[in-house]
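Novice:
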Amino acid sequence: METICIKNGRVFSGYDEPSKIADVLIKDGKVAEISATPIAAGEARIIDAAGQWVMPGFIDNHTHYDGELLVAPGLGESVRHGVTTVIVGGCSLSFVYADVDDCCDMFTRVEAFPREILYPILKDEKTWSNPREWLAHLDGLNVGPNIASFIGHSDIRARAMGIDRSLSATETPTRDELDAMKKMLEEALDAGFIGVSMQHNPWDKMDGRHWSKLLPAAYARGAERRALTAIVRRREAHLQGVPNLVNRVAAFWYMAESSAFFWRKKLKTSMVAMMDLKGDPYIRGVLSGLATFFNKICRADFRMQAFPVPFTVFAKGMDLVIFEEFPTGALARHLARDLKKRNATLTDPEYRKKFKKHYQSRLAPKIWQKDFGDAFVTDAPDKSWIGKSFGEIAAARNQHPVDAFLDIVVDLDDRVS
-14 METICIKNGR VFSGYDEPSK IADVLIKDGK VAEISATPIA AGEARIIDAA GQWVMPGFID
46 NHTHYDGELL VAPGLGESVR HGVTTVIVGG CSLSFVYADV DDCCDMFTRV EAFPREILYP
106 ILKDEKTWSN PREWLAHLDG LNVGPNIASF IGHSDIRARA MGIDRSLSAT ETPTRDELDA
166 MKKMLEEALD AGFIGVSMQH NPWDKMDGRH WSKLLPAAYA RGAERRALTA IVRRREAHLQ
226 GVPNLVNRVA AFWYMAESSA FFWRKKLKTS MVAMMDLKGD PYIRGVLSGL ATFFNKICRA
286 DFRMQAFPVP FTVFAKGMDL VIFEEFPTGA LARHLARDLK KRNATLTDPE YRKKFKKHYQ
346 SRLAPKIWQK DFGDAFVTDA PDKSWIGKSF GEIAAARNQH PVDAFLDIVV DLDDRVS
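First residue of the sequence shown? That's -14 in this note's numbering, and the numbers climb one at a time after it.
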């Protein structure tokens, strides 16, 4: 294998140390030396990296490329940004055990992936029904980055209990069904999966035949979850989870589950997600403090997943998951498949009264800051709206921002974004 010497670049080693101008020697595909003084390269191929950054490939630990992998396995959008490893199967969702219909219904609404696109892809491609068969299918693809995967709790729950029972708040798995879930998790870990992903969030809902039901994993009770995390702990694998983003109490469950109380080992755990929110400026500090407490005092191995840069959310009409965090918004989303009924609801004065109450509440925990003055039109039939906030449009129409927004949604639906 070729020996390479990368010279004069600013090296970010990946360790907890400052960057530095250095040479990097690579032998047999591995980093052999990093030196701030020039390395005698000998016969090595020289790459002059002056003015460039030199660093290990990035690991993107939260993607939902499960569907895209099947049709565009090069994942060029990630690779061109220096990502060399992506992790799929997060948030309780993987395409391993469940059948095509169940996979689509669990995935498409949560991840805003059009069902009419994903369904035929899975129908054509999904020949596997266990982890090793899924991996064998990946081996036949021209994959760009390295791929690692969680096994999704919703995936194995739907397979073990059947989709109907897995979506019932009153049903718990039988002993045989729980044993089947445990066996599926063990099989996934044996095949090289990195752990299990779980889900508590009431925002994330089913598409298709079970429209607006929560994901299967969200109906699981503590005993079922602990039966699975006991395996992950014993195998020194990884737990990834999504807490309840409305009341956030489940965040404590993940922190406690990670902790090494008494005789038990710590559990490697990551949770979605550390955010610096406009709508809740204190939550970042609170979660950071709690995580520090559990890691230092309770000997946990707990990490928060975080976004690397500030971001802006884009939506068409009300097709945006953050409306799920309050009841009137969730109702509008639930009625999205019957626009006549939805529009009648959105124009009902009593509904609008409740929507305004939810919109104006300053006490409820929130991801969205609930400020139409901070929501801007990017496209609409009336081009004069582009660049204006819904608050500005409401003022020009002498309306409350909620009334203006709901009127626009009724009139234009997804033609306004």
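Each residue gets a CB set at the ideal place from its N, CA and C atoms; glycine is no exception.
For clarity, every value in this text was computed on a predicted model and none was experimentally measured.
(1) Around the C-beta of residue 22, are 16 or more other C-beta atoms found within 10 angstroms, so that it is buried, or is it exposed?
(2) Give me whichever residues DSSP pairs with residue 223 in a beta bridge.
(3) What distance in whole Å lies between the Cβ atoms of residue 146 and residue 162, which are believed to be in contact at a cut-off of 8 angstroms?
(4) Taking only three categories from DSSP, how would you classify residue 109?
(5) Assuming residue 42 contacts residue 68 (C-beta within less than 8 angstroms), just tell me the rounded distance between them.
(6) Suppose contacts are defined by Cβ-Cβ distances below 8 angstroms. Is residue 331 in contact with residue 391 by that definition?
(7) Below 6 angstroms CB to CB, which residues in the same chain sit around residue 245 once its five sequence neighbours on both sides are set aside?
(8) Report yes or no: do the stretch 167 to 187 and the stretch 99 to 111 share at least 3 C-beta pairs separated by less than 8 angstroms?
(9) Give the single residue among 353, 374, 217 whose Cα lies nearest to the Cα of residue 231.
(10) In three-state terms, what does DSSP make of residue 283?
(11) Please report the Cβ distance between residue 176 and residue 117, rounded to the nearest whole angstrom; I am assuming they are in contact, meaning their Cβ atoms lie under 8 angstroms.
(12) Have a look at -7, 11, -5 and flag the residue whose alpha-carbon is nearest the alpha-carbon of residue -14.
(13) Here's the rule I'm using: 16 or more other beta-carbon atoms within 10 Å means buried, otherwise exposed. How should residue 234 be labelled?
(14) Identify the continuous beta strand (DSSP E) that holds residue 30 and give its terminal residues.
(15) Mind reading off the beta-carbon distance from residue 58 to residue -6? Whole number of angstroms is fine, and I expect it under 8 angstroms.
(16) Tell me, please, which residues DSSP counts as bridged to residue 289.
(17) Thinking just about the alpha-carbon of each residue, which of 56, 14, 4 is nearest to the one in residue 38?
(18) Residues in its own chain within less than 6 angstroms of residue 223 by CB, not counting five upstream and five downstream?
(19) Return the chain-ordered ranges of every beta strand (DSSP E) run that is complete within the stretch 53 to 96 and spans a minimum of 3 residues.
(20) The beta strand (DSSP E) that contains residue 403, what's its start and end?
(21) Does the structure place the stretch 199 to 212 close enough to the stretch 253 to 262 that three or more beta carbon pairs sit under 8 angstroms?
(22) Taking the alpha-carbon positions, what's the residue 272 to residue 292 distance?
(23) Is residue 240 near residue 262, with beta carbons less than 8 angstroms apart?
(24) Is the stretch 340 to 348 touching the stretch 381 to 391, taking contact as three or more C-beta pairs under 8 angstroms?
(25) Less than 8 angstroms between the CB atoms is what I'm expecting for residue 362 and residue 355, so what's the real figure, rounded?
(26) Are the beta-carbon atoms belonging to residue 202 and residue 142 less than 8 angstroms from one another?
(27) For residue 18, which beta-bridge partners are listed by DSSP?
(28) Residues in its own chain within less than 7 angstroms of residue 313 by CB, not counting five upstream and five downstream?
(29) Can you have a look at residue 225 and say buried or exposed, based on whether 16 or more other CB atoms are within 10 angstroms of its CB?
(30) Checking the sheet assignment: what are the DSSP bridge partners for residue -6?
(31) Just the Cα atoms here: how many angstroms apart are residue 315 and residue 206?
(32) Just tell me which of 153, 228, 94 has its CA closest to the CA of residue 305.
(33) Among 321, 307, 84, 55, which residue has its Cα nearest to the Cα of residue 126?
(34) How many angstroms separate the CA atom of residue 294 from the CA atom of residue 66?
(35) Residue -8 and residue 19: beta carbons closer than 8 angstroms?
(36) Figure out for me which residue from 49, 75, 187 has the closest Cα to the Cα of residue 319.
Specialist: Reading off the structure:
(1) exposed
(2) 180, 253
(3) 5 angstroms
(4) helix
(5) 7 angstroms
(6) yes
(7) 251, 284
(8) no
(9) 353
(10) coil
(11) 5 angstroms
(12) 11
(13) exposed
(14) 30 to 33
(15) Not a contact, Cβ separation roughly 30 angstroms.
(16) 256
(17) 4
(18) 179, 180, 253
(19) 68 to 73
(20) Within the shown structure, residues of the chain are numbered from -14 to 402, placing residue 403 beyond reach of any answer.
(21) no
(22) 15 angstroms
(23) no
(24) yes
(25) Rounded, the Cβ-Cβ distance is 18 angstroms, inconsistent with contact.
(26) yes
(27) 10
(28) 336, 339, 340, 343
(29) buried
(30) 7
(31) 23 angstroms
(32) 94
(33) 55
(34) 14 angstroms
(35) no
(36) 187
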